[in-house]
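Inspection log for the structure reproduced underneath, given as structure tokens.
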Amino acid sequence: MPWRLVSACNAESCRWQCTDGRWVALTLGQDDEIGRVIVSESGGRRELVDSYEGALTLARRWRTP
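Counting from 39, one number per residue, gives the positions in the sequence shown under the numbering used here.
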């Protein structure tokens, strides 16, 4: 299924959306998560990553079937 980069929602840095409605997003951490990047997806999965590059890599993995 094809994924495409779409407009980010709320505090997200970026968001990819699949043609079936699933999405994966990156958000910069706030408060006690500051300095980290949050990778989240439409199924409810959420993971904190120490670097933006690491977050991009994880988001790519989550978008791969």
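A virtual CB, placed ideally from N, CA and C, is assigned to each residue, including glycine.
- About 5 Å separates the CB atoms of ARG60 and SER80; that is less than 8 Å, so the two are in contact.
- With respect to the C-alpha of THR95, the residue from ILE72, GLU50, MET39, LEU64 having the closest C-alpha is LEU64.
- Take ALA93, set aside five residues on each side of it, and the residues of its chain with a beta-carbon closer than 7 Å to its own are LEU64, VAL75, VAL77, VAL87, in chain order.
- DSSP places ALA49 in the coil class of the three-state scheme, outside both helix and strand.
- Here THR65 carries a strand assignment [DSSP, helix/strand/coil].
- Taking 9 Å as the cut-off, the Cβ atoms of ALA97 and VAL62 count as close.
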